[in-house]
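A.B. asks: Mapping to this note's numbering: the sequence shown position 33 is 47, numbers consecutive.
Backbone N, C-alpha and C fix where the C-beta goes; we use that ideal spot for every residue, glycine too.
Sharing a structure, written as structure tokens. Questions coming.
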Amino acid sequence: MESHILANLLVLALLFVGAPLAFLLLRRNRMWSEALGELWRRRRFSLLVIALYVAVALLDSFSWVGGAGAGEDSLSAHEARSVIDRAFADTPRESSYSAPLARGSFYGDEPLRAPGGHWFGTDILGRDVLHRTLKGVRVALLIGGFTSAITIPLALLLGVTAGYFGRRLDDIVFFVMSTLASIPSLLLLIALVIVLGRGTWQVCVALGITSWVGLCRVARGETLKLRELDYVQAALALGTSHLRILFRHILPNLMHLVIVTFVLLFSSLVLSETILAYLGIGVDGSWGQMIDQARNELSRDPIIWWNITAAGAAMFGLLLAVNYVGDALRDILDPRTLRERA
15 MESHILANLL VLALLFVGAP LAFLLLRRNR MWSEALGELW RRRRFSLLVI
65 ALYVAVALLD SFSWVGGAGA GEDSLSAHEA RSVIDRAFAD TPRESSYSAP
115 LARGSFYGDE PLRAPGGHWF GTDILGRDVL HRTLKGVRVA LLIGGFTSAI
165 TIPLALLLGV TAGYFGRRLD DIVFFVMSTL ASIPSLLLLI ALVIVLGRGT
215 WQVCVALGIT SWVGLCRVAR GETLKLRELD YVQAALALGT SHLRILFRHI
265 LPNLMHLVIV TFVLLFSSLV LSETILAYLG IGVDGSWGQM IDQARNELSR
315 DPIIWWNITA AGAAMFGLLL AVNYVGDALR DILDPRTLRE RA
């Protein structure tokens with residue numbers, strides 16, 4: 015099966031199966047239902063900003079072959095292009111740099127064109143900067159979201175089980191954590207990317223392998239404390255299974271830590287990809303690659319400022335909205351905050 019068909023199926027499954035199922039599960043849980051309602055009241059604008067980024071990423075993930083624009087060659091007509099690509103299919107391609115809303119090359123004397131041309135200008139190859147910025151949204155969400163989906167469950171599984179059951183399992187997990195923590199994370203990340211490859215999924219796996227230790231250590235320490243509390247000991251005395259105790263008493267009291275970790279992890283993962291791009295092993299089409307290609311343009315005369323500005327502003331908007339939502343959700347789910355409100 016071709017990659018674009020698989021991506022289309024994943025997008026459709028996420029929209030029509032995953033999202034409704036997650037909504038129903040959250041609505042059935044009273045705590046999460048109230049938390050989401052309070053979050054919407056507190057951070058409505060930030061949620062809408064994140065939803066906008068997600069919508070752009072989904073539009074860039076749904077692609078099909080055919081329907082080439084007027085300015086495209088026969089080779090690109092046989093390539094799968096997303097909705098975002100087709101929205102810019104008829105945008106003229108310049109020979110080199112073009113300032114925002116300018117006509118012709120950057121060094122020409124043409125007057126400004128009316129809105130509808132290159133809103134954010136073009137790069138050295140004449141590619142539309144707004145198009146490249148929108149293409150980077152999908153890469154950023156994949157790196158931050160998919161890697162977090164690898165890191166957080168792995169860290170919770172190892173940290174909670176090690177802290178709750180202890181003994182030999184705790185010794186093994188602690189040894190693995192100490193071994194990974196003793197290796198410089200950037201060097202390990204570079205080595206994994208070189209071994210696995212420079213693709214988006216390979217970079218996500220490499221980032222996931224190097225990012226789970228911090229949350230695992232925190233989850234282990236909190237579980238060691240929680241398992242000694244009176245209500246956990248009472249549940250054990252009443253014959254409650256260990257699995258029920260973990261899901262009923264341990265994990266809910268770790269959710270505020272998971273939220274904080276996810277926010278910090280999401281931001282650091284997106285920024286880590288920028289560092290990889292600076293070293294020449296980043297993901298193609300990412301904001302980090304745009305920033306890396308534009309870092310030498312600030313010393314030109316006249317200065318080329320729109321490439322790095324567009325990528326930096328898009329990254330800043332996403333990370334700021336995620337941090338605002340994560341901070342509010344931590345306050346809502348923190349057990350100490352809940353007791354104070356009660």
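Applying the 10 Å Cβ sphere with the 16-neighbour rule, what's the burial state of S255?
C.D. replies: In the sequence shown, residue 255 corresponds to position 241, counting from 1. Result: exposed.
A.B. asks: Can you check which of these residues, S77, A195, V151, is closest to V63 by C-alpha distance?
C.D. replies: Looking up residue 63 in the sequence shown gives position 49. V63 has its Cα closest to that of V151, out of S77, A195, V151.
A.B. asks: Please determine if the stretch 329-339 and the stretch 47-66 are in contact, where contact requires at least 3 C-beta pairs separated by less than 8 Å.
C.D. replies: A contact exists between the stretch 329-339 and the stretch 47-66.
A.B. asks: May I ask you to check if the CB of L38 is nearer than 7 Å to at least one heavy atom of the ligand ZN?
C.D. replies: Looking for the ligand ZN in the displayed structure turns up nothing, as the structure carries no ligands at all.
A.B. asks: Can you give me the Cβ contacts of V284 inside the same chain, cut-off strictly under 7 Å, excluding the 5 residues immediately before and after it?
C.D. replies: Translated into positions along the sequence shown, residue 284 becomes position 270. Excluding residues within five positions, the ones whose Cβ falls inside 7 Å are A154, I157, G158, M329, L333.
A.B. asks: Using the DSSP secondary-structure output, state which residues sit across from V79 in a beta bridge.
C.D. replies: The sequence position of residue 79 within the sequence shown is 65, counting from 1. A94.
A.B. asks: Where does V336 sit, in a helix, a strand or coil, going by DSSP?
C.D. replies: Position 322 of the sequence shown, counted from the start, is the residue given in the question as residue 336. Three-state result, V336: helix.
A.B. asks: By DSSP, does T254 sit in helix, in strand, or in coil?
C.D. replies: By one-based count along the sequence shown, residue 254 stands at place 240. It is coil, neither helix nor strand.
A.B. asks: Considering only residues of the same chain and omitting the five flanking positions on each side of L173, which have a CB-CB separation below 6 Å?
C.D. replies: Residue numbering aside, residue 173 sits at position 159 when the sequence shown is read from its first letter. First, the amino acid is wrong: residue 173 is Gly here, not Leu. Closer than 6 Å at the Cβ level, and outside the excluded window around G173, lie C230, A233, R234.
A.B. asks: Helix, strand or coil for T105, going by three-state DSSP, please let me know.
C.D. replies: The residue given as residue 105 occupies position 91 in the sequence shown. Reduced to three states, the DSSP call for T105 is coil.
A.B. asks: Could you please give the first and the last residue of the uninterrupted alpha helix (DSSP H) stretch that includes R234?
C.D. replies: For the purposes of this step, residue 234 is taken as the residue at position 220 of the sequence shown. Taken as a continuous stretch (DSSP letters only), the alpha helix (DSSP H) holding R234 covers 227-240.
A.B. asks: Could you name the residues of the same chain whose beta carbon sits closer than 6 Å to that of I164, not counting the 5 residues immediately before and after it, in chain order?
C.D. replies: Here residue 164 corresponds to residue number 150 of the sequence shown, with the count starting at 1. Same-chain partners within the cutoff: G222.
A.B. asks: Confirm, please, whether the CB-CB distance from A195 to V207 is below 8 Å.
C.D. replies: The sequence position of residue 207 within the sequence shown is 193, counting from 1. The sequence position of residue 195 within the sequence shown is 181, counting from 1. Cβ distance not < 8 Å, so V207 and A195 don't count as in contact.
A.B. asks: Have a look at L312, G302, L268 and flag the residue whose alpha-carbon is nearest the alpha-carbon of L347.
C.D. replies: Within the sequence shown, numbered from 1, the residue matching residue 347 stands at position 333. The shortest Cα separation from L347 among L312, G302, L268 belongs to L268.
A.B. asks: Since S112 sits in a beta bridge, which residues does DSSP pair it with?
C.D. replies: In the sequence shown, counting from the first residue as 1, residue 112 sits at position 98. Beta-bridge pairing links S112 to T136.
A.B. asks: Taking the beta carbon of Y111 as the centre, do at least 16 other beta carbons fall within 10 Å, making it buried, or is it exposed?
C.D. replies: Here residue 111 refers to the residue found at position 97 when the sequence shown is read from its first residue. Under this definition Y111 is a buried residue.
A.B. asks: So, with DSSP's three-state summary, where would you put D142?
C.D. replies: Residue numbering aside, residue 142 sits at position 128 when the sequence shown is read from its first letter. Here D142 sits in strand by DSSP.
A.B. asks: Less than 8 Å between the CB atoms is what I'm expecting for I98 and L139, so what's the real figure, rounded?
C.D. replies: For the purposes of this step, residue 98 is taken as the residue at position 84 of the sequence shown. For the purposes of this step, residue 139 is taken as the residue at position 125 of the sequence shown. At roughly 18 Å, the Cβ-Cβ gap does not stay under 8 Å, so I98 and L139 are not in contact.
A.B. asks: Leaving out the 5 sequence neighbours to the left and right, which residues in its chain are closer than 7 Å to A249 when beta-carbon positions are compared?
C.D. replies: Locating residue 249 in the sequence shown gives position 235, counting from the first residue. Counting only Cβ-Cβ distances below 7 Å, and skipping sequence neighbours, we find I259, H263.
A.B. asks: By Cβ distance, which residues of its chain are closer than 8 Å to Y292, with the 5 residues on each side in sequence left out?
C.D. replies: Position 278 of the sequence shown, counted from the start, is the residue given in the question as residue 292. Within the same chain, Y292 has close Cβ partners G302, I305, D306, R309.
A.B. asks: What are the boundary residues of the alpha helix (DSSP H) that includes V207?
C.D. replies: Here residue 207 is taken as the residue at index 193 of the sequence shown, counted from 1. 199-210 is the extent of the alpha helix (DSSP H) around V207.
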